[in-house]
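Engineer: The following block contains the structure, expressed as structure tokens.
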Amino acid sequence: MFNPQLYLLAYGRIYANSGAMTPGATQETVDGMSLRTIERIIAAMRQERYRFRPVRRVHIPKKDGKTRPLGMPTWSDKLVGEVVRLLLEAYYEPVFSDRSHGFRPGKGCHTALREVANTWTGTTWFVECDIADCFGSFDHDVMIAILSEKIHDNRFLRLVRNMLTAGYLEDFRWGATLSGVPQGGIASPVLSNIYLHKLDVFIETVLIPEFTRGRLRARNPEYRKTEQEIVRARRRGDRAQVRSLYRQLHSLPSQDPRDPGYRRLRYCRYADDSLLGFAGPKAEAEQIKQRLRRFLREDLKLELSEDKTLVTHARSQRARFLGYEISVASRNRRTRRPSATDRRNRRSLNGTIVLHVPASVVKAKSAPYLSRGQPARRNPMVNDHDYSIVARYGAEYRGIVQYYLLASDVFRLHRLRCGYDGVKWPHQDDLNWPHPGATSDRHDALIRPRDDGSNWPHPSTTSSRPAAGGPWYAPAGRNHCRSPRSCR
1 MFNPQLYLLA YGRIYANSGA MTPGATQETV DGMSLRTIER IIAAMRQERY
51 RFRPVRRVHI PKKDGKTRPL GMPTWSDKLV GEVVRLLLEA YYEPVFSDRS
101 HGFRPGKGCH TALREVANTW TGTTWFVECD IADCFGSFDH DVMIAILSEK
151 IHDNRFLRLV RNMLTAGYLE DFRWGATLSG VPQGGIASPV LSNIYLHKLD
201 VFIETVLIPE FTRGRLRARN PEYRKTEQEI VRARRRGDRA QVRSLYRQLH
251 SLPSQDPRDP GYRRLRYCRY ADDSLLGFAG PKAEAEQIKQ RLRRFLREDL
301 KLELSEDKTL VTHARSQRAR FLGYEISVAS RNRRTRRPSA TDRRNRRSLN
351 GTIVLHVPAS VVKAKSAPYL SRGQPARRNP MVNDHDYSIV ARYGAEYRGI
401 VQYYLLASDV FRLHRLRCGY DGVKWPHQDD LNWPHPGATS DRHDALIRPR
451 DDGSNWPHPS TTSSRPAAGG PWYAPAGRNH CRSPRSCR
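Using the UniProt record's numbering, the first residue of the sequence shown is number 1, and each one after it goes up by one.
And the structure:
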């Protein structure tokens, strides 16, 4: 904490952030940064006089209509927080679990989803784990105890505790932070991963070995019985019976789905959002959920949300994880050959993980562009140029589609191009409504005559909206009118 180069490295990482100019409890921003500021911070660190100031708390809306508190630290606290983050990452990043994907370099939502899609074949039950108010419920004493297992510098530990207990200012009133990490703090993501790493270790070293056994599933007795009947029918020369038995064989799994000697437990976590996949009976899946609840309550002082912690059947239901819906395919009749030389047919989709775009996502993403189920005009964009309107729409559309590219039914998002009801694309009214930036209006005004034979006036010399009762020329292929809704 006394190396000036470390602070310069931290400054280089955060000075260009959009929040660098956002003031916290004081008016200090990145504009006042200098080497003298770094020297003053290091001098205070040497004498343990540095104190984190309370963060300025604001509330941002959530999807469910509620709000989430967000803390705005001062610039000096942001700089020190980045230094703390760099040091903690150097200590803990090499030991973090490969199943943890949140707030880590080279990992993200898509790496977590790919792991589930590629390695969870054969899952029977999903255990969806949601920790109630996770980041606001971390116990400070437990956090310091976890850090002290690997970090033996008491001055650094006291600095982290000071950061956790700095409090917040809201409506000019100070409030104490008795638990949790500062939401909006630079070091908060790595601190949350350190805290939840204990959960990763518990699942990987206790639950997975306990609920994983058997190398392969046993053969399905019904499948073997049908194979033997096919052999006997061939010996008799009964071709019709052979064809009938083959159809029956293709509808049966070759391995016993209820084999008591075969169990698999898989786990993936992104921040506080965890998902477990279990191949086995539901009773054992419920037992896994209760073991998790007990560990979180007794060891980490956290609670699972009753409403969002579910045991979901993988074939008949869908689990929610990172905005996707996840299920397991069940198509016994569809087969394929693994290779040109292998004459055995295998089921290509049965038991594989399938990612879906939730229907609620399509509806929610379309809602801001609709009014009473019809594409609606965005008044702030009416005066923009056509290019700006189309570019804005394209950026929003690409951002949504690129996140859901892993879904097998990503084509459902085509509805965003034409409105949820499939009639028009959301920004069509912005282009249809007459506006100064309409490029085709300027082009048509120069080359097309009016009905009386005179030239149409240039839009730059006249109002973009016609006078009441005045003539209005609508170029071919465009839907110009005084009220676009009346033209539908």
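We treat Cβ as the ideally placed atom computed from N, Cα and C, and that holds for glycine. Note that this is a predicted model, so its numbers are computed, not measured.
What's the gap between the Cα of residue 491 and the Cα of Ser148?
Structural biologist: Because the chain is modelled from 1 through 488, residue 491 falls outside the range shown and cannot be assessed.
Engineer: Which residues does DSSP pair with Asp386 in a beta bridge?
Structural biologist: Per DSSP, none; premise fails for Asp386.
Engineer: Just tell me which of Leu405, Pro105 and Lys365 has its CA closest to the CA of Lys63.
Structural biologist: Lys365
Engineer: Check whether the Cβ of Asp386 lies closer than 8 Å to any heavy atom of the ligand NAP, and answer yes or no.
Structural biologist: For the structure depicted, the ligand NAP is absent and the ligand set is empty, with no information on it obtainable.
Engineer: If you compare alpha carbons, which of Ile146, Arg315 and Gln317 is closest to Leu300?
Structural biologist: Of the listed residues, the one whose Cα sits closest to Leu300 is Ile146.
Engineer: If we count the other Cβ atoms within 10 Å of its Cβ and call it buried at 16 or more, is Leu9 buried or exposed?
Structural biologist: Around the beta carbon of Leu9, fewer than 16 other beta carbons sit within 10 angstroms, so the residue counts as exposed.
Engineer: Helix or strand or just coil, what does DSSP make of Leu446?
Structural biologist: Note on Leu446: pLDDT 44, under 50, position unreliable in the model; the coordinate value appears next. Of the three classes helix, strand and coil, the one that applies to Leu446 here is helix, per DSSP.
Engineer: Does the distance from the C-beta atom of Leu204 to that of Ser97 stay below 9 Å?
Structural biologist: The sequence given here has Glu at residue 204, not Leu. Yes, the pair counts as a contact, with Cβ atoms nearer than the cut-off.
Engineer: Would the segment 280-291 count as touching the segment 203-218 if we require 3 or more Cβ pairs under 8 Å?
Structural biologist: Counting Cβ pairs under 8 Å, three or more are found: they touch.
Engineer: Smallest Cα separation from Met72: which of Glu39, Arg247, Gly65 and Met21?
Structural biologist: Checked all of Glu39, Arg247, Gly65 and Met21; the closest Cα to Met72 is Met21.
Engineer: Here's the rule I'm using: 16 or more other beta-carbon atoms within 10 Å means buried, otherwise exposed. How should Tyr91 be labelled?
Structural biologist: Looking at its Cβ environment, which holds fewer than 16 other Cβ atoms inside 10 Å, Tyr91 is exposed.
Engineer: Rounded C-beta distance between Val401 and Val390? I'm assuming under 8 Å.
Structural biologist: 16 Å between Cβ atoms; not a contact.
Engineer: From which residue to which residue does the alpha helix (DSSP H) around Tyr223 run?
Structural biologist: Looking at the DSSP string, the run of the alpha helix (DSSP H) that includes Tyr223 is Pro221 to Arg236.
Engineer: Quick check: the Cα distance between Leu70 and Trp120, rounded to an integer number of angstroms?
Structural biologist: 36 Å
Engineer: Counting Cβ pairs closer than 8 Å, one from the segment 108-123 and one from the segment 267-276, do we hit at least three?
Structural biologist: In short, these stretches touch, since the Cβ pair count reaches three.
Engineer: In terms of residues, what are the limits of the alpha helix (DSSP H) holding Ile41?
Structural biologist: Leu35 to Arg46
Engineer: Let me know if Arg57 comes out buried or exposed under the rule of 16 or more other beta-carbons within 10 Å of its beta-carbon.
Structural biologist: Taking a 10 Å sphere around the C-beta of Arg57, we find 16 or more other C-beta atoms and assign the residue as buried.
Engineer: My output table needs one value for Asp139: the three-state DSSP class, helix, strand or coil.
Structural biologist: coil
Engineer: List the whole-angstrom C-beta distance separating Gly81 from Ala187, where the pair is believed to meet the contact cut-off of C-beta under 8 Å.
Structural biologist: 5 Å
Engineer: Is Asn455 helix, strand or coil when you go by DSSP?
Structural biologist: At Asn455, the pLDDT of 47 sits below 50, so the modelled position is not reliable; the number obtained from the coordinates is stated separately. Looking at Asn455 - three-state DSSP - the assignment turns out to be strand.
Engineer: Would you mind sorting Val190 into buried or exposed? The rule is 16 or more other CB atoms within 10 Å of its CB.
Structural biologist: Burial call: buried.
Engineer: Who does Ser327 pair with in a DSSP beta bridge?
Structural biologist: Val354
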